[in-house]
Structure formats: structure tokens, C-alpha cells
Amino acid sequence: MLSTTEEPTELHLPSVLDQVIDNLRTAYSNAVIQTDGGVPDIHVKSSDMLDSVFRNLISNAVEHNDKEIPRVSISTEYSDSTVLVKIVDNGPGIPDDCKETIFERGEKGLESSGTGLGLYLVKTLIDSHNGKVWVEDNEPDGAVFVVQLPCA
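The working numbering puts the first residue of the sequence shown at -18, with every later residue one more than the last.
Here it is, written out as C-alpha cells:
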């Protein structure tokens, strides 16, 4: 169960991302899932459920992709106080009129067989630890989900 009162702990970001990416590469052997530029050796403040955030975002990038070979690239940018993790895909993208509501409870795409809870839980968890999550366009096609977390 998701607890928004759980105190954040220090998590080693490369370890979290490496484990999630390795597991998803096995689960989605038809997709190309890669890191772009490596992951900096930093710690972030979040809960032990941070892996589920990245698992959900990367899985969505593969499962809701309309290309013959789904491609997902994970990159990071960081400063002294925050880190941005970007999950970039080559899928159909997110319509502009859905970008604000996509993280609401029960929201899902027309073609989705999901519950509409995945992105809601992602946002709830990230918000509870003073982070942010949003979606942008990936030109010429696809989406970029950005997770901002405080550095430990």
C-alpha cells in the first residue's frame, strides 16, 4: 500500500535505476531500453517505492508504444539540490489536452486496458517527498516523462 506519510530515506539512484532497467529489459525483450549518458553517482530523498515509480513510467513507455520496436531512453540531469530523471519514448505521445489530467486518479488513454491508477500513484509518491513529475513532448514523436527529486 502506498503511504504518503513514510519518511524519505536516502537511496542510491544508479542502483535503483539499474535494477529496474535490467528487470524491464528481460520483461520487454522486444524493446530497446537504454540509459543515455549514464546515471550520476548520487543519492536522492525518496521512499523505498521509488523503483515502482520508474518501473511504471518505463513500462508505460513500452506498453503504450505504437512502434514496431519501442525505444525508451533514460537520462539524468542534476544540480546540488535536485536531480531530473527523464524517460523518453518514441511512441504516439500525450495529447496536449491530457497533459494536465494524466496524473489524476482513474485517468487513462482510450486504448488502455489499465486501471488509471499507475500515473496517479507515481505523482502521489513523488509529491509526498517534495518532488515533481510532468510530461513533455518528444519531437518528432513520443513523450518525455520527467521526475524531479531532491538530492540527499
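Beta carbons are placed, not taken as given, at the ideal position from N, Cα and C, and that holds for glycine.
(message) For the stretch 74 to 89 against the stretch 23 to 36, do three or more pairs of beta-carbon atoms, one drawn from each stretch, fall closer than 8 Å, so that the two count as touching?
(response) no
(request) Using DSSP bridges, identify the partner residues of residue 48. (result) According to DSSP, residue 48 bridges with nothing at all.
(message) Within a Cβ cutoff of 6 Å, which residues of the same chain sit near residue 91, ignoring the five residues on either side of it in sequence?
(response) With a pLDDT of only 47 at residue 91, under the threshold of 50, the placement of this residue in the model should not be trusted, and no figure is reported.
(message) DSSP three-state label for residue 14, please.
(response) strand
(message) Taking 7 Å as the threshold (C-beta atoms), are residue 47 and residue 72 in contact?
(response) yes
(message) On the DSSP bridge list, what partners appear for residue 66?
(response) 57, 128
(request) Leaving out five residues on either side along the sequence, give the residues of the same chain with a beta carbon under 6 Å from the beta carbon of residue 112. (result) 129, 130
(message) Restricting to Cα atoms, I'd like to know which of 21, 85, 115 is closest to residue 102.
(response) 85
(message) Considering only the alpha carbon of each residue, which of 63, 55, 116 lies closest to residue 83?
(response) 116
(message) Considering only the alpha carbon of each residue, which of 80, 60, 70, 98 lies closest to residue 122?
(response) 70
(request) Would you mind stating whether residue 39 and residue 53 have Cβ atoms separated by less than 7 Å? (result) yes
(message) Among the candidates 49, 68, 42, whose CA atom is the shortest distance from the CA of residue 58?
(response) 68
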